[in-house]
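Protein chains: 2
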Amino acid sequence: MTTEVESVWLGKRVLVTGGAGFIGSHVVDRLLGESAAVTVLDDFSTGFREFLPPRAGLNVVEGSLLHPASVSAAMRGIDFVFHLAANADVKNNLKEPLKCIEQNLIATQNVLEAMRAWGVRDIAFSSTGSVYGEATIVPTPEHASFPVQTSIYAASKVAAEGLLTSYAVGFGFRAWIFRFVSILGPRYTHGHVFDFWRKLRHDPTQLEVLGNGKQKKSYLHVQDCVSAMFTAVAQARSPINIFNLGHHDWLEVDESIAIITRTMGVSPRLAYAGGERGWAGDAPRVLLDTTRLRALGWAPRRTIEQGVVETLGFLGDSPFVSRRLG
Amino acid sequence: MTTEVESVWLGKRVLVTGGAGFIGSHVVDRLLGESAAVTVLDDFSTGFREFLPPRAGLNVVEGSLLHPASVSAAMRGIDFVFHLAANADVKNNLKEPLKCIEQNLIATQNVLEAMRAWGVRDIAFSSTGSVYGEATIVPTPEHASFPVQTSIYAASKVAAEGLLTSYAVGFGFRAWIFRFVSILGPRYTHGHVFDFWRKLRHDPTQLEVLGNGKQKKSYLHVQDCVSAMFTAVAQARSPINIFNLGHHDWLEVDESIAIITRTMGVSPRLAYAGGERGWAGDAPRVLLDTTRLRALGWAPRRTIEQGVVETLGFLGDSPFVSRRLG
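Heads up: the protein sequence lines correspond to chains A and B, in order. Counting from 119, one number per residue, gives the positions in the first sequence under our numbering. Counting from 119, one number per residue, gives the positions in the second sequence under our numbering.
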């Protein structure tokens with residue numbers, strides 16, 4: 119396996135957009151470990167410098183994906199792009215509709231155009247399981263029914279997917295599209311585990327919960343996520359490669375709260391906002407069918423509970439997160 | 119039927135984007151006939167003033183959907199939006215990728231944001247059967263498998279669909295999304311009938327044909343198209359209403375050429391470019407399942423051949439088209 123992976127990345131020049139972010143910085147670590155030369159392009163709006171200690175083979179560029187010239191400059195000489203920069207704040211997508219479109223779609227268009235200009239052809243992209251909307255089939259396979267988008271976040275991701283595939287067809291690009299469940303683990307600084315952790319630090323006696331606590335979703339540890347992406351890129355070499363990415367297990371919000379409160383040693387009174395959905399457009403049940411990815415030999419090696427606990431461990435050990443995010 | 123339709127449109131103030139275009143101008147005619155007050159917003163880049171003779175109840179605004187202020191000004195006091203403005207030049211989508219995104223997606227975002235600002239909730243939108251990519255099921259139903267986008271044109275349309283549905287979920291909009299086959303009939307000034315007509319006017323002795331002549335697609339007469347949209351808006355009142363729109367019949371390119379050459383009285387030598395597809399991303403077979411729309415009582419009343427012949431009749435009678443488009 120190691121030999122095979124090295125054959126893909128050894129000496130490759132890889133651009134990681136959003137490389138200072140949660141998943142991006144783990145991808146950077148893995149790429150450097152596989153002897154790739156890595157350029158990170160990140161605007162540091164949500165990413166952290168602490169996630170990117172200086173190392174040989176790592177070049178960090180601060181710049182916005184909304185500036186075509188910045189993207190083009192970073193693209194020069196690149197062999198492969200991990201396009202992971204995104205506005206991932208699905209819960210608040212209705213507050214700033216244009217932000218999702220700009221950061222998830224226009225940014226992607228700028229990346230694709232810079233690739234076209236420089237003759238870069240290979241791109242891996244972080245989409246989302248949210249593109250399935252409220253799926254009628256659970257676990258949801260990649261070939262599920264044409265979905266109705268229920269959030270501007272997911273709409274912007276499905277739009278970006280469309281751009282990738284149409285560039286693959288029209289310009290001979292090769293695209294790997296990963297539809298993620300929520301990812302957990304060290305360096306995760308948003309999502310429900312972070313939100314609960316932050317609320318409980320401020321007031322361990324009570325916890326407000328969006329929805330009724332019965333939403334049930336799959337999550338995946340970031341290391342398993344990165345392994346999945348690297349397995350797919352090494353082994354799936356079609357012009358368009360679309361993979362669901364998630365755990366076969368899932369976790370109810372109430373179960374997650376039990377893990378979080380136990381780990382933090384607190385016993386809050388729970389106040390439920392009520393309703394089947396955490397927010398407008400939230401899917402009450404998320405479980406993806408990952409048969410396609412498992413056929414390549416990948417499987418998650420950590421439980422969801424490990425993901426929750428390691429996220430909390432990271433947050434407790436990282437005062438720079440609290441300093442910025444409160 | 120007439121009574122029912124009148125109850126929907128009588129006294130309504132309707133904005134038609136792209137109202138100077140092919141389908142838009144027919145929608146304007148129908149709305150004025152149903153006693154609506156109509157505002158057209160069009161940049162006249164592809165639309166024609168000749169399609170919009172001045173009439174009582176018609177207000178024509180020249181402006182770009184890419185200028186939020188223009189869209190917002192036109193949206194004031196509106197009850198219902200037909201958003202039909204688009205870059206429909208699918209064949210050339212790879213020459214100007216950004217044009218599709220701007221004119222089909224950013225324009226749509228601007229329309230939705232102007233609606234939100236003014237409290238306008240109802241929008242009908244012209245999407246495309248191209249969103250199904252190369253469909254595995256033919257005739258293709260609305261709930262077909264999650265497709266892979268094969269053209270930037272279709273990617274921009276599926277992106278716009280996603281925006282409409284996510285605004286419906288998030289902001290209480292009501293959306294009618296129509297996935298059209300190619301529409302034919304008077305005022306059609308692009309597409310294969312127009313292209314063939316123009317080539318044959320310049321040289322009736324030979325005709326270059328994209329692909330191998332065996333592409334087989336459904337088409338629909340513009341009057342049947344408009345009737346379908348008005349039937350759906352009058353009768354389907356869910357927050358999100360998605361309808362395929364096409365003829366149960368389809369036509370091979372070679373059959374279409376036979377109709378065109380017979381009608382024009384020419385006998386060109388045919389030169390095929392070859393290949394199953396007319397262009398990168400073209401779907402060789404397009405036939406949509408319109409069961410959903412037929413359940414509302416709609417059915418096409420004209421043959422595809424009538425659509426071809428009437429398109430040619432219009433082109434022959436409209437010297438202003440040749441003056442602009444050659």
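Ideal Cβ positions, reconstructed from N, Cα and C, are used throughout, including at glycine.
Item	Value
Any C-beta of chain A under 8 Å from that of Gln227 (chain B)	yes
Asp240 (chain B) versus Gln267 (chain A): straight-line alpha-carbon distance, rounded	17 Å
Reduced DSSP category for Trp236 (chain B) - H, G, I as helix; E, B as strand; rest coil	helix
Rounded Cβ spacing between Pro265 (chain B) and Phe291 (chain A) (contact assumed at less than 8 Å)	With 8 Å as the limit, Pro265 (chain B) and Phe291 (chain A) do not qualify as a contact, their Cβ atoms being about 18 Å apart.
Distance between beta carbons of Val327 (chain A) and Leu456 (chain A), contact taken as under 8 Å	Since the first and last residues shown for chain A are 119 and 444, residue 456 (chain A) lies out of range.
Proximity below 8 Å, CB of Thr246 (chain A) to CB of Arg297 (chain A)	yes
Three-way DSSP call (helix, strand, coil) for Trp368 (chain B) in this model	coil
Residue environment, Ala235 (chain B), which counts as buried when at least 16 other CB atoms sit within 10 Å	exposed
Counterpart residues of Ala242 (chain B) in DSSP-defined beta bridges	B:Phe200 and B:Trp294
Inter-residue spacing [alpha-carbon to alpha-carbon] between Ser248 (chain A) and Glu428 (chain B)	45 Å
Own chain partners of Thr254 (chain B) with C-beta closer than 7 Å, once the 5 adjacent residues on each side are dropped	Ser263
Closest by C-alpha distance to Arg441 (chain B), when choosing among B:Thr258, B:Leu128, B:Arg316 and B:Val158	B:Arg316
Phe243 (chain A) vs Ala293 (chain A) beta-carbon contact at 8 Å	yes
Unbroken beta strand (DSSP E) run spanning Ile301 (chain B), endpoints	Ser300 to Leu302
Where the beta strand (DSSP E) containing Arg420 (chain B) begins and where it ends	Note, Arg420 (chain B): premise wrong, no beta strand (DSSP E); not H, not E.
Bridge partners - Thr135 (chain A), DSSP secondary structure assignment	A:Leu159 and A:His201
Residue burial classification, Phe361 (chain A) (beta-carbon count within 10 angstroms, cutoff 16)	buried
Cutoff 8 Å: Ile255 (chain A) Cβ touching any chain B Cβ	no
Alpha-carbon to alpha-carbon, Lys335 (chain B) and Trp397 (chain B)	14 Å
Closest by C-alpha distance to Asp367 (chain A), when choosing among A:Glu168, A:Arg148 and A:Asp407	A:Asp407
Under 8 Å between C-beta atoms of Glu180 (chain A) and Phe166 (chain A)	no
Reduced DSSP secondary structure (H/G/I, E/B, other) of Ala354 (chain B)	coil
Chain A contact for Phe361 (chain B) (CB, 8 Å cutoff)	no
Assigned secondary structure, Thr121 (chain B) (DSSP; H/G/I helix, E/B strand, else coil)	With a pLDDT of 47 at Thr121 (chain B), under the threshold of 50, the modelled position of this residue cannot be trusted; read the value that follows with caution. Three-state result, Thr121 (chain B): helix.
Chain-ordered neighbours of Glu260 (chain A) on chain B, where CB pairs are closer than 8 Å	Phe264
Closest residue to Ser143 (chain A) among A:Phe200, A:Thr226, A:Asp313 and A:Gly393 (Cα-Cα distance)	A:Phe200
Selection from B:Phe198, B:Val371, B:Ile196 and B:His339 that minimises the alpha carbon distance to Gly331 (chain B)	B:Val371
Sheet register partners of His339 (chain B) (DSSP bridge)	B:Leu302
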